[in-house]
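Written below as structure tokens is the structure these notes are about.
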Amino acid sequence: MNWQIILTSTVCAAIISGLFNLYFKRRDYANDYYKYILDKRKKAYELLETFIPEFSSCIVLLFNNKFNKSEVFFQPIKKEYPLTELILKLVEVYKNGFWYSPEMSICIVEANDFLQWHTHLEEKIKSKVDTYTIDSAQELYLKSDKIYQKIIKQFFYDLNQLNNIPKFQKSKINVLSNYSKI
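Quick note: the sequence shown, position 9, residue 19 per the working numbering, numbers continuous.
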């Protein structure tokens with residue numbers, strides 16, 4: 011009779027131990043998954059962090075050319091770093107676009123649109139199609155500063171929310187569900 015009690019208690023202990031083990035394995039899996047997402051997001055935001063100072067250090071230049079027409083350029087302060095390279099850097103940033111919040115993705119797209127628009131503007135200026143005034147330079151500066159301020163604001167908000175993985179997942183599900191309605 012004693013051996014039945016021992017056998018029953020051993021089986022019960024094994025079942026309870028197995029359930030606890032299963033629970034903790036599942037929890038470890040969830041923690042590893044969150045760590046993976048957090049690492050990917052940190053890497054994406056670190057890359058964005060390298061782009062922001064380069065975008066903000068661009069200046070608006072206004073000068074008269076030999077035909078006495080004003081020209082406006084949005085260009086990096088470092089002369090050896092042309093605007094096209096800044097666009098390529100932004101492309102690298104956007105390659106990690108999935109790991110940004112939807113709001114940050116919108117900011118990045120706006121920066122890209124601005125840089126693409128300005129590249130086209132530079133081509134028009136080089137071909138002497140348009141003339142630009144001080145007002146144009148001021149408008150260009152204000153537009154770039156607005157985009158920069160929006161990126162900075164969203165960047166710091168996202169850094170505070172970086173480890174909120176459930177919120178990040180929910181935002182991605184909402185974005186994907188909006189695409190499926192199209």
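From the three backbone atoms N, C-alpha and C, an ideal C-beta is built for every residue, glycine too.
* **Three-state secondary structure assigned by DSSP to Y110** => coil
* Quick one: Cα of P60 to Cα of Q179, how far? -> Contrary to the premise, residue 60 reads as Thr rather than Pro in this sequence. Taking the straight line joining both Cα atoms gives about 25 Å.
* Would E64 pass as a contact of K99 if the rule is Cβ separation under 8 Å? -> yes
* Asked: Mind checking whether L150 and L125 have CB atoms under 8 Å apart?
  -> no
* Asked: What separation, rounded to the nearest whole angstrom, lies between the Cα atoms of L29 and I16?
  -> 20 Å
* Buried/exposed call for W13, threshold 16 Cβ in 10 Å -> exposed
* **Segment contact flag, the stretch 101-109 with the stretch 30-44, C-beta cutoff 8 Å, min 3 pairs** => no
* To do: Return yes when the Cβ of L172 is within less than 8 Å of the Cβ of L48, no when it is not.
  => yes
* So is C22 buried or exposed if we call it buried at 16+ other beta carbons inside 10 Å? -> exposed
* Which value, in whole angstroms, describes the spacing of the CA atoms of F108 and E120? -> 16 Å
* Whole-angstrom distance between I175 and R194, CA atom to CA atom -> Given that the chain is displayed from residue 11 to residue 192, the structure contains no residue 194 and the question cannot be resolved.
* Asked: Can you tell which of S67, Y39, P112 and I183 has its C-alpha closest to the C-alpha of Y158?
  -> S67
* To do: Taking only the alpha-carbon atoms, compute the straight-line gap between N31 and H128 and give it to the nearest angstrom.
  => 59 Å
* Given D26, which residues of its chain have a CB within under 6 Å of its CB, disregarding the five upstream and five downstream residues? -> Residue identity check: residue 26 is Ile in the sequence provided, not Asp. Hits under 6 Å: none found.
* Asked: Which residues in the same chain have their Cβ closer than 8 Å to the Cβ of I62, if we skip the five residues on either side of it in sequence?
  -> Y158, I161, I162 and F165
* With a 10 Å radius around its C-beta and 16 neighbouring C-beta atoms as the bar for buried, classify S111 as buried or exposed. => buried
* Asked: Going by C-alpha distance, which of I118, K52, S19 and F34 is nearest K156?
  -> I118
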